[in-house]
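Data first, discussion second: the structure below is written as structure tokens.
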Amino acid sequence: MRRDHSGRWLAALVIGAVLSVLSVSGAGSALGAPRPDRPLPVAYDVRVGILAELAHPGGNLPGTNDFGCRPNAVHPRPVILVHGSGGGRQTNWGALAPVLHDAGYCVFAPTYGAISDIWPASAIGGIGPKVDSAWQIKLFAEKVLAATGARQVDIVGHSLGTEIPTYWLRYLGGADEVDHYVSLAPYWRQGPDSDDTRARPSRSSGVCWGSPARSGPRVRNALHHRGIWTSTRRCGPARHICRASGTPTSSPATTRS
Numbered sequence: 001m002r003r004d005h006s007g008r009w010l011a012a013l014v015i016g017a018v019l020s021v022l023s024v025s026g027a028g029s030a031l032g033a034p035r036p037d038r039p040l041p042v043a044y045d046v047r048v049g050i051l052a053e054l055a056h057p058g059g060n061l062p063g064t065n066d067f068g069c070r071p072n073a074v075h076p077r078p079v080i081l082v083h084g085s086g087g088g089r090q091t092n093w094g095a096l097a098p099v100l101h102d103a104g105y106c107v108f109a110p111t112y113g114a115i116s117d118i119w120p121a122s123a124i125g126g127i128g129p130k131v132d133s134a135w136q137i138k139l140f141a142e143k144v145l146a147a148t149g150a151r152q153v154d155i156v157g158h159s160l161g162t163e164i165p166t167y168w169l170r171y172l173g174g175a176d177e178v179d180h181y182v183s184l185a186p187y188w189r190q191g192p193d194s195d196d197t198r199a200r201p202s203r204s205s206g207v208c209w210g211s212p213a214r215s216g217p218r219v220r221n222a223l224h225h226r227g228i229w230t231s232t233r234r235c236g237p238a239r240h241i242c243r244a245s246g247t248p249t250s251s252p253a254t255t256r257s
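Residue numbers for the sequence shown follow the UniProt record's numbering, beginning at 1 and rising by one.
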């Protein structure tokens with residue numbers, strides 16, 4: 001079904017974001033330019049990403065989208081962060097992006113599904129058609145793989161950002177390009193879409209639990225969507241998501257990179 005009021009919704013989101021930022025007095029202190037010899041600052045406040053977008057329209061969060069980054073032996077795959085409805089590469093990841101960067105990952109984040117290339121509409125993604133958005137994720141991931149020399153990426157999706165990469169994996173040849181897939185507040189409880197029933201997956205793949213069972217449902221959602229995923233395990237990015245969301249983490253010895 002088409003969204004008949006997308007323009008009105010977009011305007012409301014922009015106005016709401018601006019008003020939210022204007023009401024902030026202390027969150028902006030986390031946006032100072034990071035020193036290269038120190039870890040990036042981490043602020044556990046959703047408004048930090050909004051502030052970053054307003055301070056650097058169309059920019060990137062510090063520590064993200066560095067196409068000169070090379071994965072290391074400890075973290076051999078780059079991590080791609082896929083935002084939810086109305087989110088963007090800066091607004092959605094103010095806490096998790098620096099956490100993963102400081103842990104040694106190459107971190108990348110696109111904005112997909114925006115209805116315009118002109119700011120501020122360009123900063124509000126997750127609005128466009130699913131298939132178009134899935135192609136955008138596919139092309140972005142291929143760019144990341146080519147730049148980093150990695151053979152696979154890890155995906156961290158939030159809300160709608162758990163559904164769009166699944167389409168890429170299932171129908172656009174992405175299954176062999178993803179190892180770990182961490183899902184936050186997954187989107188799959190809606191009724192089946194016509195484009196979700198066209199084909200069988202090319203192969204099954206592993207899935208990460210967001211956290212140990214004691215951490216609750218916020219990050220403990222496994223991908224068992226229509227037979228795509230057949231196994232569960234905890235993996236490296238997951239424990240850093242626990243840190244970013246304030247939930248308990250497991251011992252590093254029990255996780256994979």
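Virtual Cβ for every residue (Gly too), placed ideally from N, Cα, C. Note that the structure is a prediction, hence the values are computed from the model and not measured.
Query	Result
Whole-angstrom distance between V153 and I137, CA atom to CA atom	12 Å
Cut-off 6 Å between Cβ atoms - residues of its own chain near T111, not counting five sequence neighbours on either side	G88, R89, G125
According to DSSP, residues forming a beta bridge with T64	V107
Close beta carbons around P71, own chain, < 7 Å, minus the five adjacent residues each side	R77, P78, C106, T148, A150
Three-state secondary structure (DSSP) of G157	strand
Per-residue burial, P57 [other beta carbons within 10 Å of its own, 16 or more giving buried]	exposed
Per DSSP, cross-strand counterpart(s) of P181	Checking the displayed sequence, the identity of residue 181 turns out to be Tyr instead of Pro. Note: Y181 sits in a beta bridge opposite I155.
Whether A141 touches G113 by CB criterion (9 Å)	no
Environment of W38 [buried if 16+ CB atoms lie within 10 Å]	Inspection of the sequence shows that residue 38 is occupied by Arg rather than by Trp. It counts as exposed.
Coil, strand or helix - L81 by DSSP	strand
Assumed close pair W93, A73 - CB separation to whole angstroms, cut-off 8 Å	So it is not a contact: roughly 25 Å between Cβ atoms.
Residue nearest to T162 in terms of C-alpha spacing, selected from L145, V182, L172	V182
DSSP state of Y167 mapped onto helix, strand, coil	helix
As assigned by DSSP and simplified to three states, the class of P98	helix
Spatial distance of L160 from I118 (CA atoms)	22 Å
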